[in-house]
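Asks:
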Amino acid sequence: MNALQRSILPALLLGLAFATTLGAEEKTALSIMTAVYERPQPADMKATLTMTLVDSKGKERVRALEQRLASFGGVDKKIMMFQAPADVRGTSFMNWSYAEAGKGDDQWIYMPALKRVKRITSDGKGGSFMGSDFSYDDLGARHPSRDDHVILGSETVAGEECWIIESTPKEAGDGYSRTVSWISKSRLIGFKRDYYDKKGALLKTLSVLETKTMGAYLMITRTEMRNAQSNHRTRMEFTAIELDTGIADEQFSERAMMKGL
Amino acid sequence: MNTNHRILPASALAFVMFFSVAVTGMAFADDGVELSGYGRAKAGALLSDGSLFLAETTLDAKLSWETGDSTLLVDVAVSERLGGSPELELRELYLRYSGDAVELVIGKQQIIWGKSDGVFITDIVSPKDLSRFLVPDFVELRQAVDGVRLGGYAGGHSLELVWLPLFSPGVAPAAGTIWAPVMPYPVTPTITAAALPELSIENGEYFIRYSFMGNAVDLSLMGGWFWNDLPSFAVTGKTMTPGVGITGITLQGEYYRTAAFGYGAAGAIGPLVLRSEGAMQLGKRYQGDFTVYPAGYAEKNSVQYLVGTDFSILGTTFGLQFIQDIILEHDDALVNERFTNTATVMAVRSFAHETLRVEALAYIGLDVPDALLKAQLVWKMTDAMELSGGAWLFFGDSGQFGQYDGNDSVFAGAKISF
């Protein structure tokens, strides 16, 4: 798997280069999803992530964290450090994911009150990320080979012509029965994705709210996930993004988790 | 109360001054200054008669000032307990230099080692406040030590050296409180408190730890030459009454030197995190039959180890641990058995976008048997404020947990973090 593709921020990156190359290929659903998946990636990045959770009554809760990501020889490493809310400030998570098939992630947590780094189970990726409407799986890049893809049709979204592609898991046990994505034909940007629960009902919808071009990369900087069943939603915003700054392997250590980013 | 660490009530005014200065200072300081902490009110009552044994209000403020590679941190708390006068506690005050490969921390600091939850096997640097047994949150059991910690780092490897010129004792439950343990004597003894070791280089405490964090396993090796945090008790006098037997015992508390070395390891296999931790302590003092041991104790080497696992099922995180204490060269005159077996079971689950959290932790004595169950529900009303409530329940009639069977209690609290 390419560097960083399973990480939070990279999942929202879209390579511009594919907009020209894909035109020469046969536009099957799989080739489109593969082109999106195999986009070029920066070697590393830093960013601030702010998540705003909004309940059905409009009440908001804010989570903010700093994160650092890089890839080293088939191992994608990431540290996230919470800045808010106050009771979890300084708490950090570290995740190492491996290109090796079947090898699970290694994860650790540091809680400043306990002053100790603890290895934790990486199971339960279908669970909520920080209480938001995103699951850990939603924030990672899913390899196209794990799903069967079908082009359902075309539609214009925000002034851009899009493919509508349905993806159905090949194996049972996934969190969703299927997803439907709207992919820009000209830029290979995913504008929207619907997630369906195991009973086939619409569960939630991911919408892209803002994109920015940074060097060779087109960054999706604001998104929203809305749960259609609970009417709860989460806005996710990336700021202070730095790419290819040369983060060293030593920056993903027990000491880094305790010291802060 | 540990009077070594808490300043007398009148000094609570100093806290107010500190807090005021901190807030004012932040208004004028650069980005390197940060104030954080919490205010909390907590009350607990015994189920047996409804009496309040816990009623405290605390403001804990932590101020850090970071400039370049250096940091100054001070953590102070003021608490009012059971309507008494406010008490001021200096929880930490240290200076830290953080270089690329070296870190130096000087001052009053908490040093936490070990891989286990709620069990202290290689976590022997910072003493514990056990004045309320294991009932408080583990964060509150920790005490700071005065000394120097030097760390060296290279990739996933680290080496720490700790020198504590000042011995900081642990805190045992006070006599006359509901947490006073059952004493292993036929009559109530008269106890003379242990004297602290004299301040000298020779009386310092020394610790070393090597640790490695890797993709297959986390490993640590440690050793220490230190004073036992809690004193042993030597029998200095006995009163014998003809026809009755022993009618009086006098005891002298003594802190004593000991050494320990141990390991910690953790790794993941599939959905399981496996953990183990163990240590051997040399010359640990155990209370014994004073007709066999005139001093009232015997020095024995001992081993304590733990194996455990963490895993998740349907959104609930579980932790299981088995702990065994072994007294080497054991004999029947000792109060403790050769083997002491304990298990812990922990379960944590969050609901409603992490606004509700249920936690349960059980200590289970496998020999007596007996147990302690700590359970609580936490509701995060807002991002800053939370309410909590729960119970501390003891099971059994004897043993380290069963001896507190009359202390079953419930508690409630509110906390605001800033």
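Order-wise, the sequence lines are chains R and C. Note that our numbering numbers the first sequence so that position 177 is 944, with each residue one more than the last. Note that our numbering numbers the second sequence so that position 278 is 1566, with each residue one more than the last. For glycine and all other residues, C-beta sits at the position ideal for the given N, C-alpha and C.
(1) Which same chain residues end up closer than 6 Å to R:MET992 when comparing Cβ atoms and leaving out the 5 residues on each side of it in sequence?
(2) Run the CB neighbour count on C:PRO1582, radius 10 Å, all protein chains shown included, and call it buried at 16 or more, exposed below.
(3) Determine, using beta carbons only, whether C:VAL1532 comes closer than 8 Å to chain R.
(4) Go to C:ALA1648, then tell me how far its beta strand (DSSP E) extends in each direction, as first and last residue.
(5) Does the beta carbon of R:LYS1026 sit closer than 8 Å to a beta carbon anywhere in chain C?
(6) Anything in chain C within Cβ reach of R:THR888, meaning under 8 Å, just list it in chain order.
(7) Between the Cα of R:ALA880 and the Cα atoms of C:SER1386, C:VAL1390, C:LEU1422, C:ARG1379, which residue gives the shortest distance?
(8) Output yes if chain C places a C-beta closer than 8 Å to the C-beta of R:LEU789; else output no.
(9) Near C:GLU1344, what residues of its chain come up, given a Cβ to Cβ distance below 6 Å and the 5 sequence neighbours on each side ignored?
(10) Give the DSSP-derived three-state secondary structure of R:LYS837 in the structure shown.
(11) Should C:GLU1565 be flagged as near chain R, meaning a C-beta pair shorter than 8 Å?
(12) According to DSSP, simplified to helix, strand and coil, what is R:LEU820?
(13) On the DSSP letters alone, give me the boundaries of the alpha helix (DSSP H) that R:ARG954 sits inside.
(14) Mark C:MET1501 as exposed unless 16 or more other C-beta atoms lie within 10 angstroms of its C-beta, in which case mark it buried.
(15) Is the distance from the Cβ of R:GLU1004 to the Cβ of R:THR978 below 8 Å?
(16) Under a CB-based cut-off of 8 Å, is R:ASP873 close to chain C?
(17) Report buried or exposed for C:GLN1682, applying the criterion of at least 16 other Cβ atoms within 10 angstroms of its Cβ.
(18) Please state if the CB of R:ARG1022 and the CB of C:SER1446 are separated by a distance shorter than 8 Å.
(19) Quick check: is the beta carbon of R:ASP964 nearer than 8 Å to any beta carbon in chain C?
(20) Mapping DSSP to helix, strand and coil, what is R:ALA791?
(21) Quick one: give me the first and last residue of the alpha helix (DSSP H) that C:GLN1688 is part of.
(22) Would you say the region 1660–1679 of chain C touches the region 842–860 of chain R, given that touching needs at least three Cβ pairs under 8 Å?
(23) Check whether the Cβ atoms of C:ASP1696 and C:SER1414 sit closer than 8 Å, and answer yes or no.
(24) Looking only at its own chain, which residues have a Cβ that is under 7 Å from the Cβ of C:ALA1365, when we skip the five neighbours before and after it?
(25) DSSP puts C:ILE1611 in a beta bridge; with which residues?
(26) If you measure from the beta carbon of R:VAL821 to each beta carbon in chain C, is any gap under 8 Å?
(27) Residue ranges of each alpha helix (DSSP H) run of no fewer than 4 residues wholly in the region 1365–1423 of chain C, ordered along the chain?
(28) Is C:PHE1689 buried or exposed, if buried means 16 or more other CB atoms sit within 10 Å of its CB?
(29) With distance defined between alpha-carbon atoms, name the residue in C:ALA1650, C:LEU1361, C:ASP1357 nearest to C:LEU1323.
(30) With a threshold of 16 other CB atoms inside 10 Å of the CB of C:SER1488, please say whether the residue is buried or exposed.
(31) Are the region 931–938 of chain R and the region 911–922 of chain R in contact at 8 Å, needing three or more beta carbon pairs?
(32) Among C:SER1705, C:ILE1479, C:LEU1594, C:LEU1660, which has the Cα closest to the Cα of C:PRO1424?
(33) In chain C, which residues lie with their C-beta within 7 Å of the C-beta of R:LYS882?
(34) For C:GLN1575, which beta-bridge partners are listed by DSSP?
(35) According to the neighbour-count rule (16 or more other Cβ atoms, all chains shown, within 10 Å of its Cβ), is C:LYS1703 buried or exposed?
(36) Compute the Euclidean distance between the alpha carbons of C:LYS1693 and C:ASP1357, then round it to the nearest angstrom.
Replies: In short:
(1) Closer than 6 Å at Cβ, skipping near neighbours: ASP900, PHE901, LYS971, LEU973, THR1001.
(2) exposed
(3) no
(4) 1644–1653
(5) Closer than 8 Å: yes.
(6) ALA1556, PRO1559, LEU1560, VAL1561, ASP1598, PHE1599, SER1600, THR1605
(7) C:ARG1379
(8) With a pLDDT of 49 at R:LEU789, under the threshold of 50, the predicted position of this residue should be treated as unreliable, though the coordinate-derived value follows. Taking Cβ atoms only, chain C never reaches closer than 8 Å to R:LEU789, which makes this a no.
(9) LYS1330, SER1367, ARG1369
(10) The sequence shown places Ala at residue 837 of chain R, rather than the Lys named in the question. The answer is strand: DSSP assigns R:ALA837 an E or B state.
(11) no
(12) strand
(13) Boundaries cannot be given for R:ARG954, as no alpha helix (DSSP H) includes it and DSSP labels it neither H nor E.
(14) buried
(15) no
(16) With 8 Å as the cut-off, R:ASP873 counts as an interface residue toward chain C.
(17) Residue identity differs from the one stated: residue 1682 of chain C is Phe in this sequence, not Gln. Looking at its Cβ environment, which holds 16 or more other Cβ atoms inside 10 Å, C:PHE1682 is buried.
(18) yes
(19) no
(20) Any reading at R:ALA791 must be qualified, since the residue scores a pLDDT of 41, below 50, and its modelled position is unreliable; no value is offered.
(21) 1687–1690
(22) Enough Cβ pairs lie closer than 8 Å, so yes.
(23) no
(24) THR1346, LEU1347, ASP1348, GLU1377, ARG1379
(25) C:LEU1594, C:THR1630
(26) no
(27) none
(28) buried
(29) Answer by Cα proximity: C:LEU1361.
(30) Classification for C:SER1488: exposed.
(31) yes
(32) C:LEU1660
(33) GLN1398, ILE1400
(34) C:TYR1585
(35) buried
(36) The sequence given here has Asp at residue 1693 of chain C, not Lys. About 51 Å.
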